[in-house]
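Protein chains: 2
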Amino acid sequence: MRGQGHGRGGGRRRRFRRPVGFLEPALLLLLLRGPAHGYVLLDQIKEFEPSEMNPSVIYRALRDMEERGWVSSTWDQDQTQGPPRRIYCLTALGNEMLAISVKELKMTQDQISYFLNAYRQGMEDKD
Amino acid sequence: MRGQGHGRGGGRRRRFRRPVGFLEPALLLLLLRGPAHGYVLLDQIKEFEPSEMNPSVIYRALRDMEERGWVSSTWDQDQTQGPPRRIYCLTALGNEMLAISVKELKMTQDQISYFLNAYRQGMEDKD
DNA sequence: TTTATCTATTGACAAAAAGCAAATAGAGAT
DNA sequence: ATCTCTATTTGCTTTTTGTCAATAGATAAA
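Chains as they are written, first to last, in numbering that gives the first Met the number 0: chain G, 0 to 126; chain Y, 0 to 126.
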């Protein structure tokens with residue numbers, strides 16, 4: 000393993016990154032409510048992303064966020080209705096990143112509002 | 000004018016696609032106000048995307064949208080302060096796609112609102 | 001008991017979108 | 001000539017997202 004990073008896959012130095020898109024913030028928010036494993040998050044994420052999600056997308060996002068230290072995972076002790084579960088927990092860093100996401104999403108909202116107003120304006124001027 | 004399915008790279012049938020991201024809708028909206036060339040759009044786009052844009056991103060988006068028939072282009076007749084300009088025009092299809100973008104952006108706003116409310120809720124419950 | 005189904009996670013590969021660097025080139029100013 | 005501003009294009013790479021399918025434990029049905 001080359002220097003930086005640790006845990007699954009580590010290696011390449013990654014510059015500081017913000018959460019992108021909706022998926023990661025939504026997962027962080029779900030984990031703010033309490034620890035959970037991928038399979039149940041796959042179901043719960045529908046609250047924020049109604050469109051059907053491919054499981055691998057969720058699992059990959061969780062693993063990526065663990066590499067960045069936003070969440071941490073442990074194997075479930077309890078007997079399950081299937082193979083063992085990896086339980087994810089929000090870390091302090093993850094909490095901060097969630098707060099940053101919230102700020103960014105507010106900015107995104109403003110940007111969209113501006114765009115929509117400009118569109119209305121543009122349509123009025125057509126008439 | 001570079002028509003469907005031939006010229007640069009042409010050939011591959013592309014399935015129907017919605018506008019993605021902010022860039023393309025923003026360009027369509029600017030073109031709703033009137034025809035324009037890439038170099039001036041590169042400046043005007045700052046109204047919607049304050050962050051610095053690499054020219055190639057704009058030009059590529061315009062070419063992609065022309066391939067899909069959302070805009071059409073002609074070479075500028077007038078003398079310019081440099082090499083000839085390619086003037087882009089919004090097409091009827093482009094107008095429809097812009098309207099679709101607007102609907103989608105409204106949905107995105109609702110999604111973000113829901114997320115932000117859920118975050119506030121989650122934070123209250125922590126206290 | 002083998003088969004199917006639901007639970008649960010992972011890996012490999014491809015496509016789409018964005019970022020970056022630089023080439024090409026016309027026109028006007030120094 | 002050379003520099004700068006205008007104007008567009010090309011190629012390469014990275015980042016992000018999407019899709020498909022493999023693996024595997026547990027449980028219920030045939």
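Each residue gets a CB set at the ideal place from its N, CA and C atoms; glycine is no exception.
Does DSSP put residue i in a helix, in a strand, or in coil?
i	result
R119(Y)	helix
D124(Y)	helix
G8(Y)	Here the model assigns G8(Y) a pLDDT of 26, short of 50, so the residue's position is not dependable, and the following value carries that caveat. Coil at G8(Y), not helix or strand.
Q3(G)	Reliability of the predicted coordinates at Q3(G) is poor, the pLDDT of 29 falling under 50, and the value obtained from them is presented with this limitation in mind. Three-state DSSP puts Q3(G) in coil, outside helix and strand.
T107(G)	helix
L97(G)	helix
State the start and end residues of the unbroken alpha helix (DSSP H) segment that holds residue i.
i	result
P49(Y)	First-last for P49(Y): undefined, no H or E at that position.
D42(Y)	G37 to Q43
P24(G)	L22 to L31
Kindly indicate the opening and closing residues of the beta strand (DSSP E) around residue i.
i	result
R85(G)	R85 to L89
Assuming residue i and residue j make a contact with CB atoms under 8 Å, what is their CB distance in whole Å?
i	j	result
C88(Y)	P34(Y)	5 Å
L97(Y)	L27(Y)	4 Å
Y58(Y)	G81(Y)	Going by Cβ atoms, the distance from Y58(Y) to G81(Y) rounds to 15 Å, so no, they are not a contact pair.
L22(G)	V56(G)	7 Å
L115(Y)	L104(G)	6 Å
R85(Y)	S71(Y)	Their Cβ separation, rounded to whole angstroms, is 10 Å, which puts R85(Y) and S71(Y) out of contact at 8 Å.
Y118(Y)	V39(G)	Not really, about 20 Å apart at Cβ, beyond 8 Å.
For this session: Report the residue ranges of all alpha helix (DSSP H) runs contained in full by the segment 55-82 of chain G; include only those spanning at least 4 residues, in chain order.
Result: Along the segment 55-82 of chain G, the alpha helix (DSSP H) does not occur as any fully enclosed run of 4 or more residues.
For this session: Output, in sequence order along the chain, the residues in the segment 102-114 of chain Y whose CB is closer than 8 Å to any CB in chain G.
Result: Flagged, chain order: L104, K105, T107, Q108, Q110, I111, S112, Y113 and F114.
Exercise. In chain order, what residues of the segment 15-46 of chain Y put their CB closer than 8 Å to some CB of chain G?
Worked result: Cβ contacts with chain G: F21, P24, A25, L28, L31, R32 and E46.
Problem set entry | Positions along the segment 60-71 of chain G whose CB lies within less than 7 Å of some CB in chain Y | Within the segment 60-71 of chain G, no residue qualifies.
For this session: Please name the residues in the segment 73-93 of chain G whose beta-carbon is closer than 9 Å to at least one beta-carbon of chain Y, in chain order.
Result: From the segment 73-93 of chain G, no residue has a Cβ closer than 9 Å to chain Y.
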